[in-house]
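Have a look at the structure below before the remarks.
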Amino acid sequence: MAQFADIFSNRPVLADGAMGTVLYARGIFINRCYDELNLSDPNLILSIHEEYLQAGAEILETNTFGANRFRLTRHGLASKVAEINAAGVKVARQAVDHLLEKQAGTAYVAGSIGPLGVRLEPLGKIGLDEARAAFAEQIRALADAGVDLLIIETMPALNEAREALLAAEETAPDLPVLVMVTVDDESNCLDGSSPQQAAALLTEWGADAIGVNCSTGPSTVLTAIEAMRSATTLPLAAMPNAGMPRAIEGRNIYLCSPEYMASFARKAIAAGAQIVGGCCGTTPNHIRAMRSAMRAIDAQARVADGGKHAEISTETPPAPLGQRSQIGSLIEQGGFVTLVEIVPPKGIDCSKEIEGARLLAQLGVHAINVPDSPRASARMSAQSLCIQIQQQTGIETILHYTCRDRNVLSIQSDLLGASSIGLKNILCLTGDPPKLGNYPDATAVFDVDAIGLVNIVRRLNHGLDIGSNSIAASTNFTIGVAANPGVPDIEHELRRFAYKVEAGAEYAITQPVFDLRLLEEFLNRIESFRIPVIAGIWPLTSLRNAEFMKNDLRVSMPEEIMLRMAQVTTPDAARKEGILIAQEMLEAVRPMVQGVQVSAPFGRYIAAAEVIASVLPQSASVTE
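Rendered as structure tokens:
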């Protein structure tokens, strides 16, 4: 039997990404048989294949993941197994031929074979012999049509993987076979087998290469690959989903950024993977970013071997954290950071905000934090207000920057511009979907999420754009991220926070804290990947304000605080009680965190100053 080394030598190889994700994005409903599009709309499939080839893929999987007898029966297409598979190979080969003609490039066509979609004995009524026959029928069609290799993927159980592998050995013994399982949150196969057990058995059963695809995202796949490496000498493949999907405006959106997938590719290769690619949620943009990362690895390897290094873009490391901004200096020296949030106005007059910033600067507040169209509302740009505050008051600002409204081109342009005009601190946020704001019909972009944005800023800090092209200087930003200790799905929040830290975050600002227990728990849970944390403090203005925070913004609000706000009888008394609660919270969190950010609800900057007075210079007076 041929070995993978016969085709790919010993260098890392890039496979393509998802087919179904791109088809869905192009308006093909999920109730369609995507495999049948090989027959009814081959040009659509061809265009997607060509996009992946242009992005740098070297292995092109046929659009035949579900083209087996059992899955096709659901669409009344059981009689077209051979026809659909052959058409899938034909269109993929056509894309590869176009690449050869236009760019003298080459790629390999891999026959994609997914699980049968039925339960096998002993848990189901389908016999192992029936399963093997169904796999053999599909594999025969792929082999007859001329694939270069077979990829048996997303196998939920080892018994099904074995039947597919046996069918390949019997039907197409001369084709290399890659077998990939899918794993759960614990990086185990869905039948309970460990990655080591899967690797050992698949090696024993005769696979040419093995690996993991789909699953819950890059982190679990990487863990499984690392475990497999200890149990086999076969080439390994890693092709994860782009994270777990999130429901945004009625659609499942995978928010792992291209930059994060590029980071995954580097780690997977370092862990021993020879083949990397993507599964659900990955697009040509993700594959393009992974290709850039692999080129960098290849170039660095050539330099290590004494080769030429003209292809390596020159990095310009950022200045030490303490030299980039006052916030960076305070964080590096272990000082206690004081911030106040000033929301941009809805019009063009920002005189009130400027005067508020001037007052706070006089009182000794370290920096002003400026949100970016919070709650998806239309306001003066945060960048504009930041620079006006700095120019007219001298106090440093922190620019909130969201991914909601910008693609990766405008993100880089904005950040380069922000650095050039003297903004030094960036808080990287995904951003609220437009549906939450006053313009629900506005469209969102979300090319990347907060994790991807941190990666972009980190690269700019090293003098490189996302294509690894030199920008000649470091942007020297201090990189902040958000954290929400009170979110219902705390495990998801912790995973994302760890990714943000890994991507390059240097400090974090929390959502408003009212429940001290949740903050303590969060800080304990992040101990192994701790960065300086600045606690959000919000002085409540009324019971209605507390109810809004609890019910609309889903902020954890203890009943004790609700009761205290309910007992006051006048608006003035409610504001005083809110300030008192905020002062108590500040004193409680002070030993645990590295600073506080106090909000100024409804533009009441004096209220924010009253809350923060205990940690301001003793000479400062709130009444100034």
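One gets my numbering by counting positions in the sequence shown from 1 and adding 1284 to each.
Just so you know, even glycine gets a beta-carbon here, dropped at the ideal spot from N, CA and C.
In the structure shown, what three-state DSSP assignment does residue i receive?
i       : result
Val1797 : coil
Leu1485 : helix
Asn1352 : coil
Met1464 : strand
Ser1754 : strand
Asn1808 : helix
Ile1314 : coil
Gly1495 : strand
Gly1304 : helix
Gly1721 : Reliability of the predicted coordinates at Gly1721 is poor, the pLDDT of 46 falling under 50, and no value is obtained from them.
Ala1417 : helix
Met1439 : strand
Cys1473 : strand
Val1785 : helix
Gly1298 : It is worth fixing the name first, because residue 1298 is Leu in this sequence and not Gly. Strand at Leu1298.
Ile1410 : strand
Leu1404 : strand
Lys1630 : coil
Thr1759 : coil
Asp1582 : helix
Gly1640 : helix
Ala1512 : Per the sequence shown, the amino acid found at residue 1512 is Met instead of Ala. In the structure shown, Met1512 sits in a helix (DSSP, three-state: H, G or I).
Met1841 : coil
Ile1673 : helix
Val1505 : helix
Ser1478 : coil
Asp1325 : coil
Glu1543 : helix
Glu1815 : The residue asked about is misnamed: residue 1815 is Ile in this sequence, not Glu. Ile1815 falls in the coil class under three-state DSSP.
Ala1445 : helix
Asn1691 : coil
Assuming the contact rule is C-beta atoms closer than 8 Å, residue i and residue j should be a hit. Round their C-beta distance to whole Å, please.
i       : j       : result
Leu1268 : Leu1699 : Residue 1268 lies beyond the residue range present for the chain, which begins at 1285 and ends at 1908; the question has no answer from this structure.
Leu1433 : Pro1460 : 4 Å
Met1439 : Pro1399 : 6 Å
Ile1368 : Thr1348 : 7 Å
Val1465 : Ala1491 : With 8 Å as the limit, Val1465 and Ala1491 do not qualify as a contact, their Cβ atoms being about 11 Å apart.
Ile1863 : Thr1622 : So it is not a contact: roughly 16 Å between Cβ atoms.
Val1732 : Ile1763 : Contact doesn't hold; Cβ gap of about 14 Å is too wide.
Ile1581 : Pro1296 : 7 Å
Leu1643 : Tyr1308 : Incorrect: roughly 52 Å between the Cβ atoms, too far for contact.
Leu1506 : Ala1552 : 6 Å
Ala1302 : Gly1565 : 6 Å
Thr1500 : Thr1305 : Contact doesn't hold; Cβ gap of about 16 Å is too wide.
Leu1298 : Arg1575 : 6 Å
Ile1436 : Leu1449 : 6 Å
Gly1408 : Val1402 : 6 Å
List the residues that DSSP assigns as beta-bridge partners of residue i.
i       : result
Ser1883 : Glu1625
His1684 : Leu1711
Asn1345 : At residue 1345 the sequence reads Glu, which differs from the Asn that was named. Looking at the DSSP assignment, Glu1345 forms a beta bridge with Ala1394.
Leu1433 : Ala1394
Tyr1791 : Gly1764
Gly1820 : Pro1796 and Gln1881
Ala1557 : Leu1520
Val1654 : Leu1683
Ala1456 : In DSSP, Ala1456 forms no bridge with anything.
Leu1748 : Ser1754
Any beta-carbon of chain D closer than 8 Å to the one on residue i?
i       : result
Arg1310 : As a matter of chain content, chain D is missing from the structure shown, which is built from one protein chain.
Given 7 Å as the limit, tell me if residue i has its C-beta closer than that to any heavy atom belonging to the ligand NAP.
i       : result
Tyr1392 : Although the ligand NAP was asked about, the structure shown includes no ligands whatsoever.
Task: Whole runs of the alpha helix (DSSP H) within the stretch 1360-1397, excluding any shorter than 4 residues - done: 1365-1387
Open item on the list: Can you confirm whether the stretch 1775-1789 touches the stretch 1816-1827 when touching is taken to mean that 3 or more C-beta pairs between the two stretches lie within less than 8 Å?
Closed with: No, the stretch 1816-1827 is not in contact with the stretch 1775-1789.
Open item on the list: Report the start-end ranges of each beta strand (DSSP E) in the stretch 1848-1903 that is 3 residues or longer and not cut off at the edges.
Closed with: With a minimum length of 3 residues, the continuous beta strand (DSSP E) runs that stay inside the stretch 1848-1903 are 1879-1883.
Open item on the list: Using 8 Å as the cut-off, can you tell me whether the stretch 1415-1425 makes contact with the stretch 1436-1455, which would need three or more C-beta pairs spanning the two stretches below that distance?
Closed with: Taking 8 Å as the limit for Cβ pairs, the verdict is that the stretch 1436-1455 does touch the stretch 1415-1425.
Task: Three-pair Cβ contact test at 8 Å for the stretch 1315-1324 versus the stretch 1339-1356 - done: With contact defined as three or more Cβ pairs closer than 8 Å, the stretch 1315-1324 and the stretch 1339-1356 are in contact.
TODO: Check whether the stretch 1467-1481 touches the stretch 1508-1518, counting contact only when three or more Cβ pairs, one atom from each stretch, lie closer than 8 Å.
DONE: Yes, the stretch 1467-1481 touches the stretch 1508-1518.
- [ ] Kindly confirm or deny that the stretch 1640-1659 and the stretch 1677-1687 touch, where touching means at least three C-beta pairs closer than 8 Å.
- [x] yes
TODO: Indicate whether the contact test is met: 3 or more Cβ pairs, each with one atom in the stretch 1629-1643 and one in the stretch 1798-1816, closer than 8 Å.
DONE: no
- [ ] Tell me, please, whether the stretch 1397-1411 touches the stretch 1374-1388 by the rule of three or more beta-carbon pairs shorter than 8 Å.
- [x] no
- [ ] For the stretch 1846-1860 and the stretch 1874-1883, state whether three or more C-beta atom pairs, one from each stretch, are separated by less than 8 Å.
- [x] no
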